[in-house]
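What follows is a set of notes on a single structure, which appears directly below.
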Amino acid sequence: MFRALMAGLVFGVLAGAPAMAQASEADITRAAQLFPPALPPQERHELVMRYAGDETAALADQRAAGIALVDLCDTDRYGPSCLQVAHTFNSLGDDHAATARKYFDAACSAGEGEGCNEAAILDLNGYAGNAPQAQKALAGFLKGCELSHALSCQNAGWAYREASGTAQDFQAARAVYEKGCRLDAGEACFYSGYYKRMGQGGPEDNAGAWLDYAKGCELGNASACNNLGVLQENGVSRPQDLAGARVSYAKACEGGNRNGCNNAGIFAHYGKGGPVDLALAGANYRRSCELDYAEGCYNQALISWNSKTDLPAARRAAEKACGEEHAAACNLAGVMQFNGEGGAKDVASALKNYAFACGKNEGIACSNLGSVNYLGLEGTPVNYPAAMSLLTKSCELNYAEGCRSLGIAHEEGMGQAPDLVKAYAAFAKACELGSPNGCHKQGFSLYKGAGVASDPQAALVAYGKACELKVGASCYNLGLMAYFGQAGAIDKAKGRSYYQKACDFGDANGCERYGWALRDGEGGAADAAGAAAALAKACSLGRTSACTP
C-alpha cells in the first residue's frame, strides 16, 4: 500500500484526538467527496481499495482513502475495513502494534475470523511492551474458528497440542483440526489425519485419515503428501497403490518434506511404483540430506559408495548422518575413513565410528571393529579377547558375516584353545542368516565332522545353499561328492555340472576338474576345445597343474 495511504490511515486514527489531529479539513472533505458516507459500507470499502491499488491516483486521494477506511471501521464497524486498517498498522512495526491489535479486535467483533486470529497471534507473542498472553490467544483462536476461519482452527489445534494457554488436550485439538481441514487449512488436514491414524484424541479412523491426508496434500501440505504415500504404500484403508505412493512422495519432496524426499529416493532406487531411476534416487536422497534428515544422508552415501560415484560427497553425507548418531552411517563413514575412500585415510576416526555404531547395536560395525582387533590392521595392536567379544556381539545381533568371522576365530583358536563346537554353531547361524561363506564353512564342518557329527547328506544341503549363493568352492565340493559318490550313488553328470558352475564362479579347482571331465568325456560328451578353455582358465586362476607344459 502506498505511503500516502498509510499516512491517511495514521491521520484518520489521530483525527479522533483533537490535540493530535493531523488530518486537514481539506483531507476530510476530499474523503467525503470520493467516498460518500451514504454509500453502503461494502461498496464504499471496495471503492477505497480500488484507490489504494491505483498507482496513478493522486497522493491526496490516497490520503483521503486512508481516512475513509478508518471511518468505515470506527463509524460503520465494517469488518473488512477494520481488518485492512489493522494489517496496515501491523506492517508499520512494533510502534504501531497496539493500534493494529485494536483494529484486529474490531474486525473480530465485526465477524471477521481473520481479525480474531491476528489479534490472537499478537497476544501469543506479546506486543508493544505487553507480555505474551497464551490463554487470551487461545480464546481468540477459538473465536476465529467459531467464525469459520480455517487458520484460527489450525492455530487453536496447535495450542491444544502444545499446551499453550491450556492443558494439553488431544481430543479438543482433533476437533478443531478436523474443522480447520473442512475449511481448507492444509496443516490442519495433516494433523487431523495424523490423529485419526494414530487413534489420538478419539478412535482410530484410517479411512478418515486417508481422506484428510489426501486433502491436505491437494492443499499443498508436504507432510500430508508424505503420510498419504505411507498409507498408499502399505495398503492402509484402501488397496496398495505403489504408483500413487510414488507420486505422493514426489509431491512431499517438492514441498520440502525430508521424509518424503527419502521415500521418493527409495521408490526410484528400487523401482517401486515405477522404473528404477538411480539418478533420481540420488537426487532425492541428496535433497533429503540437505534438509538434515540423517536417513536421507545415509542413503545418499550408500548409493554413491556402492556405485563408486562421487565418493567425496558420499563420505561427507555419511559423516553428516553419523554426526546425527545414525549408526549405519557411522559404520559406513568408518569404512570410508579406514580405507581412505572419498578423502584421506583416517584410522582413528574410523575406529571411533565403528565403536559408536557397535555401541548402538549395528552388527556390521562390531564385526568390522572385531576384525581390526583380530588381525591387527593399520597398526592397531592385536587384541584377541576384544576381537572375540566384538565378533560375539556382532553374531548375537544377527549379522551373518559376523557369525562367520566368529566361527573362524573359534576354529583357529587365536588367543585361546580352538573350539570346533562353537565354530560349527557360529557357521550354522551364519548360513541361516544368509552368509554364502558361512554356508560353505558349515558344509565343510558337516562333511569332516568338525565340531559336529559327520553328516554328508547335511553337508550337501549346506554346500548347495552356498553354491546357489555363488561360492565356487562349494560348487566344486558338490561336484567331488557327486563324481565320487561321497554322499550317495556316483553321478558323474551331476559332478560335471557342479564343476562347470564352480568354474563359472571363478574356482580354479572347479575349472581344472571341469576341463578333465570335458577332455575325458566323463559325465557327458568329450569336448577338446571346451576342455582346453577350462584348463586355461584354471591356469589363469593360479592352478599350475592345469597349465600347459
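Plus 6 on top of the position in the sequence shown (first one is 1) and you've got my numbering. Beta carbons: idealized from backbone N, C-alpha and C, even for Gly.
(message) Just to confirm the assignment: which complete beta strand (DSSP E) runs, minimum length 3, are found wholly within the region 368 to 394?
(response) none
(message) I need the boundaries of the alpha helix (DSSP H) containing Phe362, first residue and last residue.
(response) The residue given as residue 362 occupies position 356 in the sequence shown. Per DSSP, Phe362 belongs to the alpha helix (DSSP H) from Val353 to Gly365.
(message) I'd like to know whether the C-beta atoms of Tyr453 and Ala434 end up nearer to each other than 7 Å.
(response) Reading the sequence shown from its first residue, position 447 is the one you call residue 453. Reading the sequence shown from its first residue, position 428 is the one you call residue 434. Contact: no.
(request) Tell whether a beta-carbon distance below 7 Å holds between Ala287 and His275. (result) In the sequence shown, the residue the question calls residue 287 occupies position 281. In the sequence shown, the residue the question calls residue 275 occupies position 269. Yes, these two residues count as a Cβ contact at 7 Å.
(message) I'd like to confirm the pairing. Which residues does DSSP put opposite Asn136 in its beta bridges?
(response) As a first step, residue 136 must be located in the sequence shown, where it is residue number 130. BP columns for Asn136 point to Tyr133.
(message) I need the straight-line Cα distance from Tyr84 to His93, nearest angstrom please.
(response) Sequence index remark: in the sequence shown, residue 84 carries index 78 (1-based). Sequence index remark: in the sequence shown, residue 93 carries index 87 (1-based). Their Cα atoms are separated by approximately 15 Å.
(message) Taking the alpha helix (DSSP H) that Asp60 belongs to, which residues open and close that run?
(response) On the sequence shown, position 54 is the one that residue 60 refers to. No alpha helix (DSSP H) holds Asp60; DSSP gives it neither H nor E.
(request) Might you give, ordered along the chain, the residues of its own chain that have their beta carbon closer than 6 Å to the beta carbon of Gly250, omitting 5 neighbours on each side? (result) Residue mapping note: residue 250 aligns to position 244 of the sequence shown, counting from 1. The residues are Gln238.
(message) Buried or exposed, going by whether 16 or more other CB atoms sit within 10 Å of the CB of Leu65?
(response) To locate residue 65, count along the sequence shown from 1; it is residue 59. Burial call: exposed.
(message) Let me confirm a value: Arg293 is counted as buried when at least 16 other C-beta atoms fall within 10 Å, else exposed. Which label applies?
(response) The residue you call residue 293 lines up with position 287 of the sequence shown. Counting Cβ neighbours within 10 Å, Arg293 comes out buried, since at least 16 surround it.
(request) Going by CA-CA distance only, name the one from Ala499, Cys473 and Leu130 that's closest to Lys510. (result) On the sequence shown, residue 510 is found 504 positions in, with the first residue counted as 1. Checking the sequence shown, residue 510 turns out to be Asp, not Lys. Ranking Ala499, Cys473 and Leu130 by Cα distance to Asp510 puts Cys473 first.
(request) Measure the C-alpha to C-alpha separation of Ala431 and Gly413 and round it to an integer number of angstroms. (result) Numbered from its first residue, the sequence shown carries residue 431 at position 425. Numbered from its first residue, the sequence shown carries residue 413 at position 407. Cα to Cα, the separation comes out at about 7 Å.
(message) Can you give me the C-alpha to C-alpha distance between Ala634 and Cys336, rounded to a whole angstrom?
(response) For residue 634 there is no data in the structure shown, the boundaries of the chain being 7 and 555.
(request) Please confirm whether Gly222 and Gly192 have their CB atoms less than 7 Å apart. (result) Sequence index remark: in the sequence shown, residue 222 carries index 216 (1-based). Sequence index remark: in the sequence shown, residue 192 carries index 186 (1-based). Yes.
(message) Here's a check: name, in chain order, each residue in its chain whose Cβ is nearer than 6 Å to the Cβ of Gln448, leaving out the five neighbours to either side.
(response) To locate residue 448, count along the sequence shown from 1; it is residue 442. Excluding positions up to five away in sequence, the list reads Phe433, Ala434, Cys437 and Ala468.
(message) Taking the alpha helix (DSSP H) that Phe490 belongs to, which residues open and close that run?
(response) To locate residue 490, count along the sequence shown from 1; it is residue 484. Segment: none, Phe490 is in no alpha helix (DSSP H) and carries neither H nor E.
(message) Suppose you measure from the CA of Leu98 to the CA of Ala104; what does that come to, to the nearest Å?
(response) In the sequence shown, residue 98 corresponds to position 92, counting from 1. In the sequence shown, residue 104 corresponds to position 98, counting from 1. Spanning the two alpha carbons is a distance of roughly 11 Å.
(message) Just to confirm the assignment, what range does the alpha helix (DSSP H) spanning Val458 have?
(response) Residue numbering aside, residue 458 sits at position 452 when the sequence shown is read from its first letter. Val458 -> no alpha helix (DSSP H), and no H or E assigned at all.
(message) Whole angstroms are fine: how far does the CA of Gly516 sit from the CA of Met476?
(response) Translated into the one-based positions of the sequence shown, residue 476 becomes position 470. Translated into the one-based positions of the sequence shown, residue 516 becomes position 510. The residue asked about is misnamed: residue 476 is Lys in this sequence, not Met. Whole-angstrom Cα-Cα distance: 13 Å.
(message) Quick check on the burial criterion: 16 or more other C-beta atoms within 10 angstroms. Buried or exposed for Ser158?
(response) Sequence index remark: in the sequence shown, residue 158 carries index 152 (1-based). Flag for Ser158 reads buried.
(request) Helix, strand or coil for Val477, going by three-state DSSP, please let me know. (result) The residue labelled residue 477 in the question sits at position 471 within the sequence shown. In the structure shown, Val477 sits in coil (DSSP, three-state: anything other than H, G, I, E or B).
(request) Starting from His102, follow the alpha helix (DSSP H) in both directions and report where the run begins and ends. (result) Counted from its first residue, the sequence shown places residue 102 at position 96. Counting along the chain, His102 falls outside any alpha helix (DSSP H), and DSSP gives it neither H nor E.
(request) Find the nearest neighbour of Ala140 within the set Ser154, Gly121, Ser170 and Gln160, judged by alpha-carbon distance. (result) Reading the sequence shown from its first residue, position 134 is the one you call residue 140. Comparing Cα positions, the closest option is Ser170.
(request) Enumerate in chain order the residues of its own chain whose CB-to-CB distance from Pro47 is below 8 Å, with the five nearest sequence positions on each side excluded. (result) Counted from its first residue, the sequence shown places residue 47 at position 41. So the list reads Leu78, Asp82, Tyr84 and Ser87, once near-sequence residues are dropped.
(message) For Gly2, which residues in the same chain have their Cβ closer than 7 Å to its Cβ, ignoring the five residues on either side in sequence?
(response) The structure shown does not extend to residue 2, since the chain is modelled only from 7 through 555, so no value can be given for it.
(request) Confirm the yes/no value for this check: CB of Phe273, any heavy atom of the ligand COA, distance under 6 Å. (result) The model on display carries no ligand, and the ligand COA is accordingly not part of it.
(message) Under DSSP, the alpha helix (DSSP H) around Glu210 begins and ends at which residues?
(response) As a first step, residue 210 is located in the sequence shown; it is residue number 204 there, counting from the start. Taken as a continuous stretch (DSSP letters only), Glu210 belongs to no alpha helix (DSSP H), as it is neither H nor E.
(request) Spatial neighbours of Ala215 within its chain, please: CB distance less than 6 Å, with the 5 preceding and 5 following residues excluded, ordered by chain position. (result) Indexing the sequence shown from 1 puts residue 215 at position 209. For Ala215, where only same-chain residues beyond five positions count, the Cβ hits under 6 Å are Gly199, Lys202 and Arg203.
(request) Using only alpha-carbon positions, find the residue among Ala173, Gln206 and Thr172 that is nearest to Ala181. (result) Against the sequence shown, residue 181 aligns to sequence position 175. Closest by alpha carbon: Gln206.
(message) Is it buried or exposed, Asn240, if we count other Cβ atoms within 10 angstroms and call 16 or more buried?
(response) Within the sequence shown, residue 240 is the residue found at index 234, counting from 1. So Asn240 counts as exposed.
(request) Evaluate the contact criterion for the region 294 to 307 versus the region 316 to 336: three or more CB pairs, one atom per stretch, below 8 Å. (result) yes
(request) Just mark Phe490 as buried or exposed, buried being the case when its beta carbon has 16 or more other beta carbons within 10 Å. (result) If you number the sequence shown from 1, residue 490 lands on position 484. Phe490 is exposed by the Cβ-count criterion.
(request) Alpha carbon to alpha carbon, how far is Met394 from Ser451? Give it in angstroms, no decimals. (result) Translated into positions along the sequence shown, residue 451 becomes position 445. Translated into positions along the sequence shown, residue 394 becomes position 388. Using only the alpha carbons, I get a separation of about 20 Å.
(message) Whole angstroms are fine: how far does the CA of Cys401 sit from the CA of Val353?
(response) Residue mapping note: residue 353 aligns to position 347 of the sequence shown, counting from 1. Residue mapping note: residue 401 aligns to position 395 of the sequence shown, counting from 1. About 24 Å.
(message) Less than 7 Å between the C-beta atoms of Arg213 and Ser243, yes or no?
(response) Sequence index remark: in the sequence shown, residue 213 carries index 207 (1-based). Sequence index remark: in the sequence shown, residue 243 carries index 237 (1-based). The question names Arg, yet the displayed sequence has Ala at residue 213. Cβ distance < 7 Å, so Ala213 and Ser243 count as in contact.
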